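In what follows, a single structure is set out as structure tokens and then discussed.
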Amino acid sequence: MATMYPDAPYFGSCQCSAPFGANTCRNALVHVYCNINCCPYEGMCCNGLHGSTKVYLARSLRSSGLGVVAAADIEVGEVLGEYLGELEHLSMNRNVRPRNTGYQLLLKQRPERPEHPVCVARVNAERMEGLMTFVNHDCEPVAKFVEVGNGRRTTVVVVTTERVRRDQEITADNDAGALRVATLTFRTSVIDETAKSSCLKT
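Sequence positions in the sequence shown follow numbering that gives the first Met the number 0 and run 0 to 201.
Here's what the structure looks like:
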């Protein structure tokens, strides 16, 4: 069953004067990712879907788990990579919908097709394991998950929310309230319930 999302139009060129300025990119401001059709850098900028060369996978000395680390200083608003996975259809009914696991991300954008009985979709990264799958939870994150589109394609990317220094770990808060348009349940092997509840505001 094919999934079709509403058209996310771009409004001409993003008019970026440099490939590293996501905070001034017209596309980034309206959650449209850059590609060859709407970017003077043909989508090879800080708002494109290509994976950033400024991050790498490393083992944490603190937790001994895997995490994403900055290889160089990274500015606010840079797209670090796409959260890769298989698109799955789910029922809108929460009672019938399977529970999330650590690899699955529920999309807020509802597909146009199929209309019934599928009204919700999620990205399941269990069998793909892209680099962004290893972004760990933290109560004071330096990045967030953002749902973006261009044309009929909708996807999720990891975007920095503050300046990241070289050798600093890339983290995000898995609290749904901290994410603008995407809800993520992180890898259960990386965090535990204590870490999740420690971010709750009283």
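Ideal Cβ placement from N, Cα and C applies to all residues, glycine included.
This structure is a prediction, so every number in the text was calculated from the model and none was measured.
Worksheet item: Do the segment 57 to 76 and the segment 152 to 169 make contact, defined as three or more Cβ pairs closer than 8 Å?
Response: Flag = yes, the segment 57 to 76 and the segment 152 to 169 touch.
Item to complete: Tell me whether the beta-carbon of cysteine 45 lies closer than 7 Å to the beta-carbon of cysteine 13.
Response: In this structure, cysteine 13 does not lie closer than 7 Å to cysteine 45 by Cβ.
Fill in: Distance CB(alanine 142)-CB(valine 157) smaller than 7 Å
yes
Fill in: Terminal residues of the alpha helix (DSSP H) in which leucine 28 lies
25 to 28
Worksheet item: Beta carbon of valine 163, beta carbon of alanine 69: below 7 Å?
Response: It is a contact, given that the beta carbons lie within the stated cut-off.
Worksheet item: What do you get for cysteine 15, buried or exposed, if any count of 16 or more other CB atoms within 10 angstroms of its CB means buried?
Response: buried
Practice prompt. Please specify which runs of the beta strand (DSSP E), each continuous and at least 3 residues long, are wholly inside the segment 36 to 70, giving them in chain order.
Written response: Fully enclosed beta strand (DSSP E) runs of 3 or longer: 54 to 58 and 65 to 69.
Worksheet item: Would the beta-carbon of asparagine 149 fall within 7 Å of that of valine 29?
Response: no
Discussion item. Please state the DSSP three-state secondary structure of threonine 160.
Written reply: coil
Item to complete: May I have the straight-line CA-CA distance separating valine 54 from leucine 65, to the nearest angstrom?
Response: 13 Å
Worksheet item: Are the beta-carbon atoms belonging to methionine 127 and leucine 83 less than 7 Å from one another?
Response: yes
Discussion item. Just to confirm, is the Cβ distance from glutamate 77 to threonine 159 under 7 Å?
Written reply: yes
Discussion item. If I measure Cβ to Cβ from glycine 217 and keep anything under 7 Å in the same chain, skipping five residues before and after, which residues do I get?
Written reply: The question about residue 217 has no answer here: the residues shown for the chain are numbered 0 through 201.
Worksheet item: Measuring CB to CB, does glutamate 161 end up less than 7 Å from valine 75?
Response: Contact flag set, yes.
Worksheet item: alanine 219 to proline 140, Cα distance in whole Å?
Response: Only positions 0 to 201 of the chain appear in the structure, and residue 219 is not among them; the question remains open.
Discussion item. I need the straight-line Cα distance from histidine 136 to valine 145, nearest angstrom please.
Written reply: 15 Å
Practice prompt. Check leucine 86 in the structure and name its three-state DSSP category.
Written response: strand
Discussion item. Could you tell me the alpha carbon to alpha carbon distance between glutamate 41 and cysteine 33, rounded to whole angstroms?
Written reply: So the two alpha carbons sit approximately 7 Å from each other.
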